[in-house]
Amino acid sequence: MLGAKGFSSTLSLKCWTRMKNAKIRTLPRLEQHRMTLIKKNFGLQDQEARCGILKLISILLCLSAALDGSATLAAQGVAPAEEKVFVPGNPVTNESVEAGLLNMRNILRSSPAFQKDDAPTHLRLAGVLSQQGDPNGAIEEYQAAIQLNPVFAEAYRGLGAVFIDTHEWKDAEDALRTSTRLDDTDSQTFYWLGRALMAQHKFPNATMAFITATDLNPQDAEAFSDLGLVRMAQGHASDAAKALTQAIHLKPDYAEAHHRLELLRASQQDPEQLTQAAFEILNILFRRE
């Protein structure tokens, strides 16, 4: 399993050769593979495997940035750094990953598309960096956008989403609350706020956030499913069943909602067992890998 704080795996030359043969070295192709994986429904029991796969894809993205960066720099007339960030067969470390991300970050910042020093430009760059698996760079750009425009709800929203990805739950909560104060019409912001609150076991506030999200977007199956999970954690079996049933109605093949509803039905006669089942799910969802 690849850890968020320390990568101990080694990417072998054989693996690298296979990557080249599969023609997934370039960033667009890697990002396409990453998004394909995200869209697949692995089910709750495969959460850990899914996290590991997505982290591996993020590593491949920054390694590709390091290897392809020199060509991009040359095309823009920028002298590449002489250090070698990654050598096939060498261990993948935090330092080499961050160096690759920093390399690509600087390439993007020097490109003509991101030369304006205004809030919308920093917002666009933050989105690109976030998609490429560079949370530190994305956070810097979102904060730059906010500094230039302190009432930029979209920048706070993006910042909160990145903090969720990095498991900085309180920072995510603060950013997303600010976003909802500036714009109370975006259902996705309330959904992410609910996730940040749920991760901190702030269940009453998480319930309110998910209810607002479903009011703003009654077709959001994920929000109904998470609302059901929060109600399970609070021991409210009836409300949980209604929310999970609605999630399945909106998305009949939603394996995660089906799994939660099965657990609910198996334990609804025992409130203690019901809350224990909910907390086990929460531990899987929000533990730091």
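Each residue of the sequence shown is one higher than the last, beginning at -14 in the numbering used here. In this text, a Cβ means the ideal position worked out from N, Cα and C, and glycines have one as well.
Other residues of its chain near residue i: CB distance less than 6 Å, five sequence neighbours each side excluded
i: Phe195; result: Gly179, Ala208, Asp211, Leu212
i: Ala140; result: Leu108, Tyr127, Ala130, Ile131
i: Asp171; result: none
i: Asn202; result: Ser172
i: Thr165; result: Thr174
i: Thr163; result: Tyr141
i: Asp159; result: none
i: Thr192; result: Val215
Proximity below 7 Å, CB of residue i to CB of residue j
i: Trp177; j: Leu167; result: no
i: Phe99; j: Leu110; result: yes
i: Leu281; j: Asp119; result: Lying outside -14 to 274, the shown extent of the chain, residue 281 is not represented and no answer is given.
i: Ala122; j: Arg142; result: The question names Ala, but residue 122 in the sequence shown is Gly. Not a contact, by the Cβ cut-off of 7 Å.
i: Trp154; j: Gln173; result: no
i: Ala84; j: Phe137; result: no
Neighbour-count burial assignment, residue i, 16 or more Cβ in a 10 Å radius
i: Ile124; result: buried
i: Gln231; result: buried
i: Arg272; result: exposed
i: Lys236; result: buried
i: Ser96; result: exposed
i: Asn268; result: exposed
i: Gln117; result: buried
i: Val82; result: buried
Supposed contact pair residue j and residue i - C-beta distance, whole angstroms, cut 8 Å
i: Ala242; j: Ala206; result: 7 Å
i: Phe175; j: Ala146; result: Not a contact, Cβ separation roughly 13 Å.
i: Ile233; j: Leu246; result: 7 Å
Contact set for residue i: own chain, Cβ-Cβ below 7 Å, skip 5 residues either direction
i: Phe188; result: Val215, Ala218, Gln219
i: Ile149; result: Ala157, Trp177, Arg180, Ala181
i: Asn190; result: Leu182
i: Thr151; result: Pro120
i: Thr106; result: Phe99
i: Gly112; result: Gly143
i: Lys101; result: none
i: Asp200; result: none
i: Asp169; result: none
i: Pro135; result: none
Beta-carbon proximity list for residue i, same chain, < 8 Å, skipping 5 on both sides
i: Leu249; result: Gly213, Met217, Ala222, Ala225, Ala226, Leu229, Leu259, Ala262
i: Gln204; result: Leu235
i: Pro256; result: Gly220, Ala222
i: Leu133; result: Asp102, Asp103, Ala104, His107
i: Gln253; result: Ala222, Ala226, Leu259
i: Phe264; result: Ala218
i: Arg94; result: Leu110
Any C-beta of chain C under 7 Å from that of residue i
i: Leu267; result: Of the chains in the structure shown, none is chain C; there is only one protein chain.
Near the ligand FAD: residue i beta-carbon under 6 Å from a heavy atom
i: Leu246; result: The model depicted lacks the ligand FAD and carries no ligand whatsoever.
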